[in-house]
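J.: If you're matching them up, the sequences are chains A and B in order.
For the first sequence, the numbering used here gives the first residue as 76, with consecutive numbering after it.
For the second sequence, the numbering used here gives the first residue as 76, with consecutive numbering after it.
Glycine residues also receive a C-beta, built at the ideal position from the N, C-alpha and C atoms.
Note that the coordinates shown come from a computational prediction; the quantities given were computed from them, not determined experimentally.
The structure follows.
Number of protein chains: 2
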Amino acid sequence: MKKWRFLGIDDSFNEKKCCLVGCVTCDGYVEGFMYAEIEVDGLDATEKVIKMIKRSKFKDQLRCIFLPGLTFGGFNIVDIQRVCNDIGIPVIVVMRRKPNMAEFMSAIENLNDADVRKSIIERAGKIYKVKSMYIQIAGLSLEEGEKYLKAATIKGNMPEAVRIAHLVASAIIHGESRGKA
Amino acid sequence: MKKWRFLGIDDSFNEKKCCLVGCVTCDGYVEGFMYAEIEVDGLDATEKVIKMIKRSKFKDQLRCIFLPGLTFGGFNIVDIQRVCNDIGIPVIVVMRRKPNMAEFMSAIENLNDADVRKSIIERAGKIYKVKSMYIQIAGLSLEEGEKYLKAATIKGNMPEAVRIAHLVASAIIHGESRGKA
């Protein structure tokens, strides 16, 4: 094994709050967690993700950051290009299904700052199919992305750090973990 | 490996709140989390731990419950005999150091319901030395306790579920995990 450290981030939310949980793994071993709160349907996800990672003791050791989608806390969208540029760490979005962009863009029309949200989504770039998953990448090649995705995954198709971040976030909001990332 | 499921619980708190995090592992693999909040220096830890486990989908599969001490959220003390009796699952308290009982009892004198707290501590029973650790047990023999402790531990001396519960709880309170259970 290569001793690569990965950060996986997932969220969970209710009407009161949305929590973001980051999990750091190294060869599948859980090394630590990060925690932040964002606004439901807000516009602060990018900034909070950057802040959470910048203050982390793991920052300089992270090979890449995995997200299970672009949106957190409803339609609070993470700008993966900005995260990558600001922190200097590549970002990979890993999704089980190909997002229905027409439906997505139409839902955004009902929110404040629809244009800002749309431009963040457009900046996220091309969606690639990698085995049964769909990915978007920032700051690395598709080949590197596939290599990191493979290295970060133990069981199933989701990076271990994202899987565990999901379990933690859903437990904080619902009292016990539920579903999967 | 034996496919034994263990629950590890740890807490973290500040002036505003104390969170209890439960982590379920099976052969070191993280399967899920539980979450509850208790009062700092309160008397609700036992009841909240019981409730958290009773409502859990993992309840019937847990081989035993590990705690890194009797006290959570300051001096909110868990009655391990009552947890074991109510839920029907053995409890093992795993400590790095032997608690200084005289100091502990004297600190409790300054709190409300000092007698209630003292009697919970006394009910927790004998402290055994197991390798470099100190343990208290409820609902199982010392021999079984040693067997489970060994099976639940991957690196170091603390059961993996407690180690991870600690990382999560401290991240929720401090923004990033710190220290160790």
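Please determine, among A:Ser131, A:Arg198, A:Lys134 and A:Cys139, the residue with the shortest C-alpha to C-alpha distance to isoleucine 152 (chain A).
T.: A:Arg198
J.: Would you kindly work out how many angstroms separate the C-alpha atoms of glycine 144 (chain B) and valine 205 (chain A), rounded to a whole number?
T.: Their backbone Cα atoms lie some 46 Å apart in a straight line.
J.: Do you know how far the Cα of isoleucine 196 (chain B) is from the Cα of arginine 171 (chain B)?
T.: In a straight line, the C-alpha of arginine 171 (chain B) is about 18 Å away from that of isoleucine 196 (chain B).
J.: Strictly below 9 Å CB to CB, what residues from chain B border glutamate 90 (chain A)?
T.: Under the 9 Å cutoff, chain B gives no residues; its nearest Cβ is about 17 Å from glutamate 90 (chain A).
J.: According to DSSP, simplified to helix, strand and coil, what is asparagine 160 (chain A)?
T.: helix
J.: Starting from glutamate 112 (chain B), trace the beta strand (DSSP E) in both directions and tell me its first and last residue.
T.: 104 to 113
J.: I'd like to check one pair, serine 245 (chain B) with arginine 238 (chain B): are the Cβ atoms closer than 7 Å?
T.: No, Cβ-Cβ distance for arginine 238 (chain B) and serine 245 (chain B) is not below 7 Å.
J.: Taking valine 105 (chain A) and valine 169 (chain B) to be in contact with their CB atoms under 8 Å, please state how far apart those CB atoms are, rounded to whole angstroms.
T.: With a beta-carbon spacing of about 18 Å, valine 105 (chain A) and valine 169 (chain B) fall beyond the 8 Å limit used to define contacts.
J.: Cα-Cα, which of A:Gly97, A:Lys225 and A:Gly149 is closest to aspartate 85 (chain A)?
T.: A:Gly97
J.: Let's see if you can read the secondary structure: which residues bound the beta strand (DSSP E) around lysine 132 (chain B)?
T.: Per DSSP, lysine 132 (chain B) belongs to no beta strand (DSSP E) and is neither H nor E.
J.: If we call anything under 7 Å between Cβ atoms a contact, is threonine 146 (chain A) one with alanine 236 (chain A)?
T.: no
J.: Does the stretch 186 to 196 of chain A come into contact with the stretch 129 to 143 of chain A, if we say contact requires no fewer than three beta-carbon pairs (one atom in each stretch) closer than 8 Å?
T.: With a cut-off of 8 Å, the stretch 129 to 143 of chain A and the stretch 186 to 196 of chain A do not count as touching, because too few Cβ pairs lie within range.
J.: Could you name the residues of chain B that arginine 130 (chain A) contacts, counting a contact when the two beta carbons are closer than 8 Å?
T.: Against arginine 130 (chain A), the close residues of chain B are Gly250 and Glu251, in the order they occur along the chain (beta-carbon pairs closer than 8 Å).
J.: What is the DSSP secondary structure of serine 252 (chain A), counted as helix, strand or coil?
T.: coil
J.: At a CB-CB cut-off below 7 Å, which residues of chain B make contact with phenylalanine 141 (chain A)?
T.: What phenylalanine 141 (chain A) touches in chain B: nothing, since even the nearest Cβ is about 16 Å away.
J.: Chain A partners of valine 243 (chain B), CB-CB under 7 Å?
T.: Phe108 and Val243
J.: Leaving out five residues on either side along the sequence, give the residues of the same chain with a beta carbon under 7 Å from the beta carbon of lysine 77 (chain B).
T.: Ala226
J.: Hey, does isoleucine 247 (chain B) have any beta-carbon neighbour from chain A nearer than 7 Å?
T.: yes
J.: At 8 Å on the CB atoms, spell out the chain B contacts of alanine 111 (chain A), in chain order.
T.: Gly250
J.: Taking leucine 224 (chain B) as part of the alpha helix (DSSP H), name the residues at either end of that continuous run.
T.: 217 to 227
J.: If you drop the 5 nearest sequence neighbours on each side, which residues of the same chain put their C-beta closer than 8 Å to that of phenylalanine 179 (chain A)?
T.: Ile196
J.: What's the C-alpha gap between glutamate 122 (chain B) and isoleucine 128 (chain B)?
T.: 10 Å
J.: Under a three-way DSSP split, which group does arginine 138 (chain A) fall into?
T.: strand
J.: Identify the contact partners of isoleucine 239 (chain B) in chain A, using a Cβ-Cβ distance below 7 Å as the criterion.
T.: By Cβ distance, chain A contributes Val105.
J.: Tell me the rounded alpha-carbon separation between cysteine 93 (chain B) and glutamate 112 (chain B).
T.: If I take the Cα positions, the gap works out to 6 Å.
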